[in-house]
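**Q** Residue numbers (the numbering used here): 58 to 277.
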Amino acid sequence: MKVIEQSREKTISAVIADRRSTPRFASTPIQEEDLRRIVVAGLESPSGYNLQPWRFVVIQTLEQRRRLRAASHDQPKVEQAPVVIVALGDPLGWQEGDLDAMIRIGAEHGYAHPSKSGEMRHVIEKYFTEHENMPMWLNRQVMIALTTMMLMAEALGYDTALLEGFEEQKVRSVVGAPDRMEVICLLAIGHCEGEDKHYGGRFPSERVIFAERFGNPLPL
């Protein structure tokens, strides 16, 4: 279990180096202020056109975690972790108020002048009307935000596990999400019980990082 002083957070470099997917969680609760900081960090994530198509359901009660476990191929850590965040993507949010809200809030923050709202609306509506793979677009946006939450949790001294194994319709039913919502991923947060996973290693950079053209390794 990671231990840090409450007065300071781990650096992003340390978080990236130390993070492991937690195999088993203890029942130790998450502090309320820490949970607030974790979810707010995700809301500050970037998104295409700043449309923020994510929706997050924070699961904390044991009863609800057990229901979610049953919808997630009976993975024990879904029930063990004191907090599980269900990450959803709304493919129709831009049509049902998100676009209007984004333009209004953007103008309030100086993101775009109100005189440009008509042009912005036209560009965005055209983009989504012609988009050929909305699930892929949603997945990108939501995972950026969920990963940000994961890194903030780790920075605050918690352990995490991203969970991709679940039955989508059953998860929707557990959290009461509309059928149109895409269930993207689950994030379990808590404290590791016992030993954390050992580092599994990574491919050498020349296998996956290239300079200018695919196949030309970037010297690192």
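Yeah, the Cβ is synthetic: ideal placement off N, Cα and C, and Gly gets one too.
Just so we're clear, the structure is a prediction, and the values are computed from it rather than from any experiment.
1. Exposed or buried, Q198, counting other C-beta atoms within 10 Å across all chains shown (16 or more means buried)?
2. Taking the C-alpha atoms as reference points, what is the distance between G214 and I246?
3. Can you tell me whether R126 is helix, strand or coil according to DSSP?
4. P80 to P148, Cα distance in whole Å?
5. Ordered along the chain, which non-local residues of its own chain (more than five positions away) have a Cβ less than 6 Å from that of V114?
6. S83: which of F260, F185, K134, E153 sits nearest, CA to CA?
7. Does the distance from the CB of L195 to the CB of A218 come in under 9 Å?
8. Leaving aside the five residues before and after V228 along the sequence, list all residues of the same chain whose C-beta is less than 6 Å from its C-beta, in chain order.
9. Can you tell me whether DSSP reads P261 as helix, strand or coil?
10. In chain order, what residues of the same chain have a beta carbon less than 6 Å from the beta carbon of Q117, not counting five sequence neighbours either side?
11. How many angstroms separate the CA atom of E176 from the CA atom of M238?
12. For the stretch 138-206, which segments carrying the alpha helix (DSSP H) assignment without a break, of at least 4 residues, lie completely within its bounds, in sequence order?
**A** Here's the rundown:
1. Buried.
2. Put simply, the backbone Cα of G214 is about 10 Å away from that of I246.
3. Helix, per DSSP.
4. The straight-line gap from Cα to Cα measures roughly 32 Å.
5. Once the five neighbours on either side are set aside, the close Cβ partners of V114 are V143, V232.
6. First, the amino acid is wrong: residue 83 is Ala here, not Ser. Comparing Cα-Cα distances from A83 to each of F260, F185, K134, E153, the minimum goes to K134.
7. For the 9 Å CB-CB criterion, L195 and A218 do not form a contact.
8. Closer than 6 Å at Cβ, skipping near neighbours: A128, V240.
9. Judged by DSSP in its simplified three-state form, P261 adopts coil rather than helix or strand.
10. The residues V140, in chain order, have a CB closer than 6 Å to that of Q117 in the same chain once the five nearest residues on each side in sequence are set aside.
11. So the alpha carbons of these two residues sit roughly 28 Å apart.
12. Runs of the alpha helix (DSSP H) inside the stretch 138-206: 155-165, 174-187.
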